[in-house]
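Protein sequence lines, in the order shown, are assigned to chains X and D. Quick note, the first sequence lines up with residues 305 to 649 if you use the working numbering. Quick note, the second sequence lines up with residues 5 to 359 if you use the working numbering.
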Amino acid sequence: MTEAIMTATVAEEPPLVEARRLRQWFPVGGSLLQRRREMVRAVDEVSFTIARGEVLGLVGESGSGKSTLGRALLRMTDLTDGQILFEGRDITRLGRNALRPIRPRMQFIFQDPFASLNPRMTVRQIVGAPLAIQRPDLGIAARDARIAEALQTVGLSMQYADRYPHEFSGGQRQRICIARALIMEPSFLVADEPVSALDVSIQAQIVNLLIDVRRKLSIAMLFISHDLAVVGHLCDRVAVMYLGRIVEIAPTRELFRRPRHPYTEALFSAVPVPDPTVRRSRVILRGDIPSPLAPPSGCAFRSRCPYVLPECAEAVPSLREVDGGHRTRCIRDDLVLGRPHGGLS
Amino acid sequence: MQGTLGPVGFAMPAAAHAATETVLDVQDLSVTFATENGPLVAVREVSFDLRAGETLALVGESGSGKSVTSLAIMRLTPSASRVKVSGSVQFTDGEGRKRDLLQLDLDAMRRVRGNEISMIFQEPMTSLNPVHRIGDQIAEAVTFHQRVSARAALVRAAELLDQVGISDARRRLSAYPHQLSGGMRQRVMIAMALACNPRVLIADEPTTALDVTVQAQILELLKELQTATGMAVIFVTHNLGVVAEIADRVMVMYAGAIVERGDVVPVMTRPLMPYTQGLLHSVPRLDPDAPGREPLEAIPGNVPDPLQPPPGCAFAPRCRHVEPACEAAVPVLEQADDGRQVRCRRWRAIDEAQR
């Protein structure tokens, strides 16, 4: 019931983030003498919205463009084409200075908590850095109060404030990264594989922290991950990317109950289930993701798709709606695809 | 890309009795590193056996000692002045000869490595030489152990590539590692490891760096190759899904010691050690009907500092079933039912309460 109420309020409000036909192409190869350059379409024609407080999961294999999309959304790159609206404002072409007042509202959490913390800075300096830039007017006491609050939110106390990153475990470092992202009270967070580098028992702690953070602060999130189980646990909706395009997007439960794109089915099927008594028939994809320099014509997935038809080569399928909020880029409506198997819990 | 096993190469496992034959018998293996802050015991009196044709999964988090255990078996731990390895590793070769690998001189050990016992690692890019063609790298593994011509070794390399499911193997021989995808590189590593029909393959997180779709391919490939060759596999991983998929038996390590061991089905469906239980509960399931957005049952805290291990059970500080007695002495590895061993003095009471 709460879900119904949430969707109702969400429908009335304008989205917090809106991506319209985003394109992020990168030139590769070429040289001074050889002018003709090829383009990698890392992100191509990607459109979606994220409501206030909503968590959108983004899954796909490496090379599918999910990290590029996350970075593009926060304007860490210059888009090739398309439009990004954040809090109702077009930020696509804003320059460095114009972006500065918006930056605190959108934050990024990286995968590797070892590489994303400066080893020469204390926790106080790391977590306080955004404040030092954005709010130089704050006094030391006021700044420390905000740092303490951010640390407390992520389950660390101020007694750690003068320690250096190397004194912390991987899970604690990721907490520090999250505190740094939260201190400016953002409305939108892009988390790029935030638990992938952590041990299993620590992953659960950080997933719980993110659930807690979103519940308390109602922050919207783009949660990028290759771990479908984590995504299913944390996200309201999930988008599946393949070779730079979204091939399926749906409310999490919809997607898990009835995937509509063969690639989604294959991803689900590939996830090993921690239950040795489950013996499943598997859809094992052959080969690797094709080179983004020369994607197959028509449906990019057709070279690996077990259900391919001759028509699939003709044109890029559109991302069409098959059910309320459930869209797929597959032309076949006759397929009943396998849903994931949970195994014993 | 899923290769069919050609008629070439591998000898079939001798007979049905091979399944019970022990190829590795590890007794009281301990590895201690000398550090500036004193001795660090990375592996503590680990004993286990590995039978021909089986897959033994070594499960644990970083710092549990699972990788150091496999490196110690291969004698690949750093130089002796800083590392003390004790115990014994009895290896039974194809002719039934038994040898303690820890006592072999370096030359004899070099003839074992890559020949009778092979290893593959997590990151295939760092294990391959970037400036040599993959054909030459595989052929080197062949010529190092066998008296064959360079030409014959290359032919063998092409066979091996074919066997690990790389299409157009002959042409691929001249490829450099950077021209291959992550999954392909791992296939090349496997081809190299299998070059001399090893009795034992130690796979240290071989699929961790790969996408799930490619991971599924590699696991399938390893299973096929194992069926064809009868080799025993030690599979080091932290991924419980992979364990369920590939293992016959499981050994769970925590803070350098074995805390639970047994057949894969009992260990994963009715774990006895609270740490194993905690690990299994902390992974989210791909369940379409799961409620979601509820907190996971995380294990609180962190693994203990290996330089200052707790006096009693290493897991006690994080265990929800802890009693004062747990912190007094290190519990022994007890025999439980269904051939299981568990290092917990409370396992009976905990198991009873959970039934």
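Beta carbons are placed, not taken as given, at the ideal position from N, Cα and C, and that holds for glycine.
Within 10 angstroms of the Cβ of GLU489 of chain X, are there 16 or more other Cβ atoms? Answer buried if so, exposed if not.
exposed
Within 7 Å: the Cβ of ALA346 of chain X and any heavy atom of the ligand COA?
Absence of the ligand COA from the depicted structure is noted, as is the absence of any ligand whatsoever, leaving it without description.
Residues in the stretch 268-291 of chain D with C-beta within 7 Å of chain X's C-beta atoms, listed in sequence order?
VAL268, VAL269, MET272, THR273, GLY282, LEU283, LEU284, SER286, VAL287, PRO288, ARG289, LEU290, ASP291
Spell out whether any CB of chain X is found under 8 Å from the CB atom of ILE77 of chain D.
no
For THR147 of chain D and ALA154 of chain D, what's the separation of their Cα atoms in angstroms?
7 Å
Considering Cα atoms alone, identify which of X:THR372, X:GLY364, X:ASP496 is closest to VAL344 of chain X.
X:THR372
Could you tell me which of X:HIS645, X:PRO644, X:GLU625 sits nearest to ARG637 of chain X, measuring between CA atoms?
A quick correction: the sequence has Asp, not Arg, at residue 637 of chain X. The candidate whose alpha carbon is nearest that of ASP637 of chain X is X:GLU625.
Buried or exposed for MET305 of chain X, please, with buried defined as at least 16 other CB atoms from any protein chain shown within 10 angstroms of its CB.
The predicted position of MET305 of chain X is uncertain, since its pLDDT is 41 and thus under 50; a value taken from the coordinates is nonetheless stated next. The residue in question, MET305 of chain X, is exposed, as its Cβ has fewer than 16 Cβ neighbours within 10 Å.
Span of the beta strand (DSSP E), counted from its first residue to its last, around PHE390 of chain X
385-390
Please list the partners that PRO299 of chain D has in chain X, where partner means a Cβ-to-Cβ separation under 9 Å.
ALA508, VAL511, ASN512, ILE515, ASP516
To the nearest whole angstrom, what separates the beta carbons of ALA320 of chain D and CYS330 of chain D, a pair I think is in contact under 8 Å?
5 Å
Less than 8 Å between CB atoms is the rule here; does GLU365 of chain X satisfy it with respect to chain D?
yes
Compute the beta-carbon to beta-carbon distance between LEU398 of chain X and ARG379 of chain X, rounded to the nearest angstrom, for a pair I have assumed lies under 8 Å.
7 Å
Is the beta carbon of PRO310 of chain D sitting closer than 8 Å to the one on LEU75 of chain D?
no
Run through DSSP, which three-state label would GLU552 of chain X get?
strand
Mapping DSSP to helix, strand and coil, what is SER74 of chain D?
helix
Check distances from the C-beta atoms of the stretch 475-509 of chain X to those of chain A and list, in chain order, the residues that come in under 8 Å.
In the structure shown, chain A does not exist; the protein chains are X and D.
How would you label LYS70 of chain D, buried or exposed, when you count the other beta carbons within 10 angstroms and need 16 or more for buried?
buried
So that I know if they touch, is there some Cβ in chain D lying closer than 8 Å to that of THR311 of chain X?
In this predicted model, THR311 of chain X has a pLDDT of only 49, less than 50, meaning its place in the structure is not dependable; the value taken from the coordinates is given anyway. No, no contact with chain D.
Assuming SER122 of chain D is part of the beta strand (DSSP E), what are its boundary residues?
121-124
Counting contacts by CB-CB distance shorter than 8 Å, is HIS630 of chain X in contact with chain D?
no
Measure the Cβ-Cβ separation of ALA365 of chain D and GLY260 of chain D and say whether it is below 8 Å.
Beyond the ends of chain D as shown, which are 5 and 359, falls residue 365 of chain D; an answer cannot be given.
List the DSSP bridge partners of ILE262 of chain D.
D:MET257
Where do the N-terminal and C-terminal ends of the alpha helix (DSSP H) with PHE148 of chain D fall, by residue?
138-149
Proximity test, Cβ basis, 8 Å: LEU9 of chain D and chain X:
Note that LEU9 of chain D has pLDDT 38, beneath the 50 cutoff, so the model's placement of it is unreliable and the number below is only indicative. It does not: the Cβ of LEU9 of chain D has no partner Cβ on chain X nearer than 8 Å.
SER491 of chain X and ILE523 of chain X: beta carbons closer than 8 Å?
yes
Rounded distance between the beta-carbons of MET129 of chain D and ARG189 of chain D, thought under 8 Å
6 Å
Inter-residue CB distance, CYS200 of chain D and ASN133 of chain D (contact presumed, cutoff 8 Å):
Between ASN133 of chain D and CYS200 of chain D the Cβ distance is about 19 Å, and since that is not below 8 Å, they are no contact.
In three-state DSSP terms, what is GLN167 of chain D?
helix
So the beta strand (DSSP E) TYR546 of chain X belongs to, where does it begin and stop?
541-546
Would DSSP call ALA302 of chain D helix, strand or coil?
coil
Reducing DSSP to helix, strand and coil, say where GLY118 of chain D ends up.
coil
For the putative contact between GLU223 of chain D and ILE250 of chain D, defined by C-beta atoms under 8 Å, what is the C-beta separation to the nearest angstrom?
Going by the sequence as given, residue 223 of chain D is Leu instead of Glu. Right, the Cβ-Cβ distance comes to about 6 Å (below 8 Å), so this counts as a contact.
For GLN167 of chain D, which residues in chain X fall below 9 Å Cβ to Cβ?
Correct list: empty, because the minimum Cβ distance to chain X is about 17 Å.
Less than 7 Å between C-beta atoms, sequence neighbours within five positions excluded: which residues of the same chain meet that for THR73 of chain D?
LEU33, VAL47, VAL50, LEU62
Could you check how far apart the C-beta atoms of GLY602 of chain X and CYS616 of chain X are, in whole angstroms? I think they sit under 8 Å.
5 Å
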